[in-house]
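Those letters in the sequence shown? Residues 18 to 87, by our numbering.
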Amino acid sequence: MLISAGAKILGNVEIGEGAKIAAGSVVLKDVPAHSTVAGVPAKVVRYHGEGQPALEMDQEISNGSFHYEI
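Shown next, in the form of structure tokens:
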């Protein structure tokens, strides 16, 4: 599961396997497995079938004009 920045989960809510919760969302109801929810209140905006969308996300910044090293 992936819970993005600023998301709020209120109450006794079950988050399904492989689900994603968008940034700033307010979750008031159960989130189905393999889905993405967004909004206030959060609603399902996409079903991903049996995959693992939360684990398959590419969060890499690969813009040629931006380079940062430590």
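Glycine included, C-beta positions come from ideal geometry on N, C-alpha and C.
Asked                                                                                                           : Found
Integer Cβ distance of G35 from M18, believed to fall under 8 Å                                                 : 7 Å
Within 7 Å, strictly: CB atoms of P49 and G33                                                                   : yes
Member of V62, K46, H65, T53 whose CA lies at the smallest distance from the CA of I20                          : T53
Exposure label - V44; buried when at least 16 CB within 10 Å                                                    : buried
Close-in-space but distant-in-sequence residues of the same chain around K25 (CB under 8 Å, 5 per side omitted) : S42, V43, V44
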